[in-house]
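Take a look at the structure set out below.
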Amino acid sequence: MKTLIFCIMLIWPLMLAAQTKPIATIPFVLENNGIYIYCQVNAADSLKFLFDTGANGSVLSEAAATRIKLPRTGTTRNVGSNGTNTVGQSAGNVVRFGSLTKSDVLLAVIPYKGFNFDGVFGTDFMKGYVIEVDYHKKELRFYEPAGYHNDLSAYARCKLRFVDDYPTITSTIVANGRRYTGRFGLDTGADDVLTVAAPFGRKHGLPGRLPRIGTATSQGSDGSTYESAVVLAPEIRFGQKCFYRVPATLPQSTSGVNATEDKAGFWGNGFLKRFNAVWDFDRNYLYLKPNKNLYTEL
């Protein structure tokens, strides 16, 4: 028995050592369902960025770009939720977040109005890392993928599929005994719970099948403001879990992201904040574990 106890004492420190250390730990604040971190762009520090898995490129607001005298090197096409527009861009920038640095960064410059942040931290900054999103400690932890060995046995694993650089998972809306299944985007940059893409909603007649409970007014990055019906989905199947009486918006967009035909809709951070998450962009997996926000009001 003494020998057995001695062996356990030797093994326990090895188990602790197996936990991977992050290469950067960045505190965040949660405001209106958005995850915000502070970054440095060139010589300008303490710029507030929205952590946005629904953006495949990173952005600086027009106001912030003017304030820090960001040079413009051309234009690019911005696809917003309800339309598209042409915006400025700036090449050759250096962006620092935590202890990490990205060089030769291309930033779009978008004239956001009514938004309280300086920029958008898109998936172009996230790829190449495993990122833990911890809502209890309010931390983003970045890891090198090859050395990541943290215990994820308490997490549900979801396979990610990228559609036009947009991370998606399969989800199902259940109503009146029928199931409507599709690939739904994962958008931590959206503050709502669920948006159903207009073509998917029309194809399955969801405006007539789901009870309407209100109207939402939204503004996209293209500058357009639009109204959408808010309906109540009786049941949603997300990964391995079921949720009931979930509010969802049904936009009638004819252009922009909400008019896409290759995705069924988008989960916003009003829903995703209910899970501590591990984004493994290297292997295309998302790991989810319910957190203290799970039963907050939808």
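Just so you know, the sequence shown maps onto residues -17 to -1, 1 to 281 in mature numbering (1 follows the signal peptide of the UniProt record, and there is no 0). Beta carbons: idealized from backbone N, C-alpha and C, even for Gly.
- Considered as a whole, the segment 121 to 184 harbours 122 to 126, 139 to 142, 144 to 146, 149 to 158, 161 to 170, 177 to 179 as its complete beta strand (DSSP E) runs of no fewer than 3 residues, in chain order.
- Short of 6 Å from the beta carbon of residue 82, and not among the five residues preceding or following it, lie these beta carbons of its own chain, in chain order: 7.
- Residue pairing by DSSP puts residue 33 in a beta bridge opposite 19, 103.
- Residue burial is scored here from C-beta neighbours: residue 124 has at least 16 other C-beta atoms within 10 angstroms and is therefore classed as buried.
- Going by DSSP, residue 40 is part of no beta strand (DSSP E) at all; its letter is neither H nor E.
- Spatial neighbours of residue 70 in its own chain (CB-CB distance under 7 Å, excluding positions within 5 residues in sequence) are listed in chain order as 58, 59, 61, 91, 92, 93.
- The continuous alpha helix (DSSP H) containing residue 49 extends over residues 45 to 50.
- Between the alpha carbons of residue 256 and residue 35 lies a gap of roughly 13 Å.
- Sequence-distant Cβ neighbours of residue 231 in its own chain, meaning closer than 6 Å and more than five residues away, are 177, 179, 214, 216.
- With contacts defined by Cβ atoms closer than 8 Å, residue 173 and residue 276 do not form a contacting pair.
- A buried status is given to residue 141, since no fewer than 16 other beta-carbon atoms sit within 10 Å of its beta-carbon.
- In this structure residue 190 touches residue 212 by the C-beta definition: roughly 6 Å separates them, less than 8 Å.
- Residue pairing from DSSP places residue 92 in a beta bridge opposite 43, 71.
- In this structure residue 18 is in contact with residue 171, their Cβ atoms being roughly 6 Å apart against a cut-off of 8 Å.
- Taking C-beta separations shorter than 7 Å and ignoring five residues to either side along the sequence, the partners of residue 74 in its chain run 56, 89, following chain order.
- Around the beta carbon of residue 223, fewer than 16 other beta carbons lie within 10 angstroms, which makes this residue exposed.
- A residue is called buried when at least 16 other Cβ atoms come within 10 angstroms of its Cβ; residue 12 does not meet this threshold and is exposed.
- Counted as a single uninterrupted DSSP element, the beta strand (DSSP E) harbouring residue 259 occupies residues 258 to 263.
- Looking at the backbone, the Cα of residue 102 and that of residue 159 are separated by about 42 Å.
- The straight-line gap separating the alpha-carbon atoms of residue 248 and residue 32 is approximately 24 Å.
- Nearest Cα to residue 279 within the set 48, 254, 265: 254.
- Put simply, the backbone Cα of residue 183 is about 36 Å away from that of residue 46.
- Judged by DSSP secondary structure, residue 197 falls outside any alpha helix (DSSP H) and instead within the beta strand (DSSP E) spanning 195 to 202.
- Proximity to residue 154 across 167, 239, 147, 64 peaks at 167, based on C-alpha coordinates.
- Boundaries around residue 254 are those of the alpha helix (DSSP H), 252 to 255, since no beta strand (DSSP E) includes it.
- Residue nearest to residue 197 within the set 84, 147, 268, 233 is 233 (criterion: CA-CA distance).
- By the 16-neighbour rule on beta-carbons within 10 angstroms, residue 244 is exposed.
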